[in-house]
Each structure stands twice: as C-alpha cells, then as structure tokens.
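Enquirer: For reference, the structure I am asking about is given below.
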Amino acid sequence: MTVRTVLTWPDRRLLQTAEPVEAVDEPIKTLVADMFETMYAERGVGLAATQLGIPLQVVVLDCGTEDDPQPLALINPNIVERDGEVVWNEGCLSLPGITAEVERAKTVVVEALDEEGRQIRVEASGLTAVCIQHELDHLIGTLYVDRLGKLERLSALSDYDRARAEPPRVAEADVEEAR
Ligand code: NI
Numbered sequence: 002m003t004v005r006t007v008l009t010w011p012d013r014r015l016l017q018t019a020e021p022v023e024a025v026d027e028p029i030k031t032l033v034a035d036m037f038e039t040m041y042a043e044r045g046v047g048l049a050a051t052q053l054g055i056p057l058q059v060v061v062l063d064c065g066t067e068d069d070p071q072p073l074a075l076i077n078p079n080i081v082e083r084d085g086e087v088v089w090n091e092g093c094l095s096l097p098g099i100t101a102e103v104e105r106a107k108t109v110v111v112e113a114l115d116e117e118g119r120q121i122r123v124e125a126s127g128l129t130a131v132c133i134q135h136e137l138d139h140l141i142g143t144l145y146v147d148r149l150g151k152l153e154r155l156s157a158l159s160d161y162d163r164a165r166a167e168p169p170r171v172a173e174a175d176v177e178e179a180r
C-alpha cells in the first residue's frame with residue numbers, strides 16, 4: 002500500500018468530473034487500499050479519488066473511532082434518498098487550514114459497490130452522512146466551499162490563501178541554518 006499525494010486547491014484537477022468504474026479489478030482494489038492508507042496518514046475521515054488526480058468514482062471514509070474503525074469504500078456511489086437538514090463544520094484535506102459551516106441533508110441512503118464489487122446500500126446519519134455528501138461532491142468537482150454563499154466562499158478562500166502564504170516554521174528554521 003502506498004500513501005499518495007493529496008491535491009490541494011487551486012489544483013484544477015479537483016474540478017474534474019469522475020467517470021464510473023467499469024470493473025472492480027485489481028488496479029481498483031489497489032487504488033482503494035492506497036486511498037485508505039493515504040486518508041489515515043493524513044488523519045482525514047474521507048477521501049475521493051479526484052483528490053489524488055484520478056477521475057474515477059471511488060471514495061473511502063472512516064467515521065469510526067480509533068477503537069472502533071468503520072472503513073467504508075464506495076464505488077460508483079449514488080445517493081438515492083436524502084432527508085432533513087443539518088449544519089456541519091467541515092474541513093477538507095484539499096483545503097488545509099480552514100473549516101466552514103455547510104448545510105447538508107441530515108440522513109442519506111447511498112447505493113454503491115464495495116471494494117469487492119458487491120452491491121451495497123448504506124443508511125447514514127450524523128458525521129457519516131455529511132462525509133458521504135462531501136466526498137460525493139468531490140466526484141463532481143465540487144468542494145465544500147462551493148456550497149457556501151458567495152461572500153462566505155470568498156472569505157473562506159481568502160483565509161485559505163492567507164494560511165498558505167504563511168511560511169511553515171520548519172522552513173523558516175531551515176533558512177536560518179542555511180545562512
Ligand atoms: Ni474533501
């Protein structure tokens with residue numbers, strides 16, 4: 002298994018629309034394994050293949066705890082039911098350093114294939130429901146900030162730019178030493 006590089010905004014590859022997976026074969030199983038490895042390494046609760054620059058309809062998530070992990074791979078996922086409303090403070094590995102409150106459906110039912118190619122149907126609420134909606138958005142090139150109002154979106158992205166512009170402390174220390 003390999004930890005792969007997660008793309009960050011404004012990488013245009015995050016805007017790609019993902020294609021359905023034709024067959025859950027070995028390369029797809031390897032991709033799923035790498036995605037779990039990458040998500041855990043980055044301490045995320047979800048990851049879409051789009052975030053690795055691979056425009057295929059594959060997402061992984063784990064909204065469990067360290068003692069009770071709940072890994073879930075969704076291939077060619079489709080939300081077939083959504084109900085209620087919830088506001089959740091979301092973050093994204095592709096937009097490190099910022100979070101914002103996003104309105105989502107409170108519960109969802111998603112149909113997909115699992116990493117073995119079996120048809121599954123998952124009823125989700127709470128963090129898992131929010132995570133499923135967030136990850137499926139990645140598959141259509143949508144980031145959570147795109148779900149905000151126009152001004153909120155601009156404000157979140159300018160906070161992000163500012164966070165990115167600040168040089169990391171480690172790099173500063175290296176510069177000092179180089180002198
Ligand atoms: Ni994300």
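Under this note's numbering, the first residue of the sequence shown carries the number 2, and numbering increases by one thereafter.
A virtual CB, placed ideally from N, CA and C, is assigned to each residue, including glycine.
Please determine whether the Cβ atom of C93 lies at a distance below 7 Å from any heavy atom of ligand 1.
Expert: yes
Enquirer: Going by DSSP, name the residue or residues bridged to V111.
Expert: I80, V123
Enquirer: Which of helix, strand or coil does DSSP assign to R180?
Expert: Any reading at R180 must be qualified, since the residue scores a pLDDT of 48, below 50, and its modelled position is unreliable; the value itself is stated next. In this structure, R180 counts as coil in the three-state DSSP scheme.
Enquirer: Using only the alpha-carbon positions, how far apart do I55 and I76 sit?
Expert: 13 Å
Enquirer: CB-CB under 7 Å to A19, same chain, minus the five flanking residues each way: which ones, in chain order?
Expert: A50, T51, P56, L57, Q58, L140
Enquirer: What does a CB cutoff of less than 6 Å around D12 pick up in its chain, not counting 5 residues either side in sequence?
Expert: There are no such residues.
Enquirer: Return yes when the Cβ of R154 is within less than 8 Å of the Cβ of D147, no when it is not.
Expert: Yes. Within cutoff.
Enquirer: Quick check on P97: does DSSP put it in helix, strand or coil?
Expert: DSSP places P97 in coil when its eight states are reduced to three.
Enquirer: Buried or exposed: where does E116 fall if 16 or more other Cβ atoms within 10 Å of its Cβ makes it buried?
Expert: buried
Enquirer: Touching or not, the region 19-32 and the region 87-101, by the rule of three or more beta carbon pairs under 8 Å?
Expert: no
Enquirer: In the DSSP assignment, the alpha helix (DSSP H) including V33 goes from what residue to what residue?
Expert: 27-42
Enquirer: What are the residues that DSSP puts in a beta bridge with P72?
Expert: D63
Enquirer: Buried or exposed: which applies to V111, given that a residue is buried once 16 or more other Cβ atoms fall within 10 Å of its Cβ?
Expert: Residue environment for V111: buried (at least 16 other C-beta atoms within 10 angstroms of its C-beta).
Enquirer: Select from E167, Y145, R83 the residue whose C-alpha is nearest the C-alpha of A106.
Expert: Ranking the options by Cα distance to A106, first place goes to R83.
Enquirer: At what residues does the beta strand (DSSP E) containing L48 begin and finish?
Expert: 47-49
Enquirer: In the structure shown, what three-state DSSP assignment does L104 receive?
Expert: With the sequence shown as reference, residue 104 is identified as Glu, and Leu is not the correct amino acid for it. Strand at E104.
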